[in-house]
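*Asks:*
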Amino acid sequence: MKMNITTPRIPSGFNEYLPAEQIEFNRLLDIVRSVYEKYGFAPLDTPILELSEVLLAKGGGETEQQVYRFERGRNDLTMRYDLTVPLARYVAQHEGVLTIPFRRYQIGKVYRAERAQAGRFREFYQCDIDVIGSRSTLIDAELPVIINEIFERFGFGEFTIRLNNRMILNGFFEALGLREQSKDVLRVVDKIEKISVDSFVDELTQLGLTQEQIVTLQTFVSLSGTNDEVLASLESLGIDSPDFRLGVEKLSELVASLRAMKVPESRFLIDLKIARGLDYYTGTVYETILDEHPSIGSVCSGGRYDDLASRYSKTQLPGVGVSIGLTRLFYQLKEAGLVTADTQSLARVVVLPMTPAEYSLAGEVATVLRSAGVATVLYSEPNDLSKKMKYVDKMGCQYAVVIGADEARNGVVSIKDMRSGEQHQAPLDDFVASLADLK
95 MKMNITTPRI PSGFNEYLPA EQIEFNRLLD IVRSVYEKYG FAPLDTPILE LSEVLLAKGG
155 GETEQQVYRF ERGRNDLTMR YDLTVPLARY VAQHEGVLTI PFRRYQIGKV YRAERAQAGR
215 FREFYQCDID VIGSRSTLID AELPVIINEI FERFGFGEFT IRLNNRMILN GFFEALGLRE
275 QSKDVLRVVD KIEKISVDSF VDELTQLGLT QEQIVTLQTF VSLSGTNDEV LASLESLGID
335 SPDFRLGVEK LSELVASLRA MKVPESRFLI DLKIARGLDY YTGTVYETIL DEHPSIGSVC
395 SGGRYDDLAS RYSKTQLPGV GVSIGLTRLF YQLKEAGLVT ADTQSLARVV VLPMTPAEYS
455 LAGEVATVLR SAGVATVLYS EPNDLSKKMK YVDKMGCQYA VVIGADEARN GVVSIKDMRS
515 GEQHQAPLDD FVASLADLK
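Add 94 to the 1-based position in the sequence shown for our numbering, that's all there is to it.
#1: Exposed or buried, leucine 303, counting other C-beta atoms within 10 Å across all chains shown (16 or more means buried)?
#2: Taking leucine 331 as the reference, give the member of Lys344, Leu348, Thr313, Glu347 with the closest Cα.
#3: From this set, His387, Glu359, Pro180, Glu306, which residue's C-alpha is nearest threonine 140's C-alpha?
#4: Quick check on asparagine 169: does DSSP put it in helix, strand or coil?
#5: Would you identify the three-state DSSP class for leucine 237, choosing helix, strand or coil?
#6: Identify the continuous alpha helix (DSSP H) that holds asparagine 504 and give its terminal residues.
#7: By how many angstroms is the C-alpha of threonine 254 removed from the C-alpha of serine 407?
#8: Is it true that the region 496 to 506 meets the region 454 to 462, where meeting means three or more beta-carbon pairs spaced less than 8 Å apart?
#9: Touch check for the region 363 to 375 and the region 271 to 291: three-plus C-beta pairs under 8 Å?
#10: According to DSSP, asparagine 259 sits in a beta bridge with which residue or residues?
#11: Quick one: Cα of phenylalanine 248 to Cα of leucine 384, how far?
#12: The alpha helix (DSSP H) spanning arginine 464 covers which residue range?
#13: Quick one: residues in its chain with C-beta nearer than 6 Å to the C-beta of glutamine 519, no 5 flanking neighbours on either side, listed in chain order?
#14: Hey, could you find the ends of the alpha helix (DSSP H) serine 528 is sitting in?
#15: Grab the span of the alpha helix (DSSP H) containing glutamine 305 for me, first residue to last.
#16: Out of Ala460, Ser404, Asp478, state which residue places its alpha-carbon closest to the alpha-carbon of alanine 151.
#17: Can you tell me where the beta strand (DSSP E) with phenylalanine 362 in it begins and where it stops?
#18: For arginine 121, name the three-state secondary structure that DSSP assigns.
#19: I think arginine 229 touches proline 412, with their Cβ atoms under 8 Å apart; what is that distance to the nearest whole Å?
#20: Determine, using beta carbons only, whether leucine 432 and tyrosine 219 come nearer to each other than 8 Å.
#21: Who are the Cβ neighbours of isoleucine 99 in its own chain at under 6 Å, not counting the five residues just before and after it?
#22: Quick check on this structure: which residue in Val445, Val414, Ala207 has the alpha carbon closest to the alpha carbon of arginine 260?
#23: Is the distance from the Cβ of isoleucine 262 to the Cβ of phenylalanine 338 below 8 Å?
#24: Cβ of valine 445 within 8 Å of Cβ of threonine 470?
#25: Could you please give me the residues that DSSP links to alanine 441 through a beta bridge?
#26: I'd like the list of long-range same chain contacts for valine 349, defined as Cβ closer than 6 Å, with 5 residues on each side in sequence excluded.
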């Protein structure tokens, strides 16, 4: 009877890496985690599945069209589409025991039922930091400082953190007589760089905007120049709206704080097109773009969401946060040839016993290396030396430690540097010293 073989594959929009790429991806994850912890953020891990009535309580707009939702028994469940809404639920649920302001980071996978395309995935890692319980503009400024340090340590080119404040947009819409349509208009503005001018005008027309309102809006969001020039332009408009005036004031404070905390002026820019489409943002908003690869879109975004937790708690719990889309970022780095993935193992040393007679001694040698903090692979396949060396080379490990009958009899090991080709012998009781640089 012929066996049916299933073709191995994964769903479109999902991703996995070969070992060398996974090691490099994890290196970036480690940078993010170490910087987050350096700034005093505590780790958090929320469930991938949430109750739909909780998770979707304030998503609104396109959110419900972009989630994986299903019923299991009596439970209506949704896979988390970001890490911010689960955070709001978590803080509201545990507010009696958390220390406020609550600073947390979370690194995990999220899921969106979007159309899969280059640089956009249905399953992807987000790396979030959030501060709950503070309205301070200083906190709004601290997050770009953190992002600046992370992207500097990544070391793959220049980037720009684009800044805006939703209160400015809301106040401007109110002055245009668009208060009732403000949420819908925000979503169109959020897409302005992704759609044509004609599509932008058509969508606003469908919302009931007049030609004059559309032209005024286009002119407003296109204001550009240095940060000081844009702030001066906003102040000169003389818009009679408390939201608008407060938004400009907050944006000015944000710029001043970033300068005080030594973020280079070339790394942050006021951009009135930045709206962030999700409904829960209420103040400062951020998007980060790779200067040499703008087509990938934002690789780090977020903002202030003073009203996010109000759906879950009567306590006012303001918050602000940003998220790095690491999967999308890694994809772009690979496409640009900037990812160096030349090793398939985290081990720096492979111990090679030549025959089963040396297995026990090889095990002792591997144990000594690991105890000294040297990542080590113990290779036991009964191959000849050339095949063993090919394995070490293919894995990208730096040293091969060979133990044959002669080495065992003389109380030494033979060490080969796979990069330089140099070989030498070292006594069993002192061979780790020659590998001290690998710790």
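For every residue, glycine included, the Cβ atom is placed at its ideal position computed from N, Cα and C. Since this is a predicted model, take the numbers as computed values, not measurements.
*Replies:* Reading off the structure:
#1: buried
#2: Thr313
#3: Pro180
#4: strand
#5: helix
#6: Asparagine 504 -> alpha helix (DSSP H) spans 499 to 504.
#7: 36 Å
#8: yes
#9: yes
#10: Thr378
#11: One Cα belongs to phenylalanine 248, the other to leucine 384, and the distance between them is close to 12 Å.
#12: Counting along the chain, the alpha helix (DSSP H) containing arginine 464 begins and ends at 453 to 465.
#13: Cβ neighbours of glutamine 519 beyond the five flanking positions: Val506, Ser508.
#14: Taken as a continuous stretch (DSSP letters only), serine 528 belongs to no alpha helix (DSSP H), as it is neither H nor E.
#15: In the DSSP assignment, glutamine 305 falls within the unbroken alpha helix (DSSP H) covering 305 to 315.
#16: Ser404
#17: 362 to 364
#18: helix
#19: 5 Å
#20: no
#21: There are no such residues.
#22: Val414
#23: yes
#24: yes
#25: None; alanine 441 has no bridge partner.
#26: Asn321
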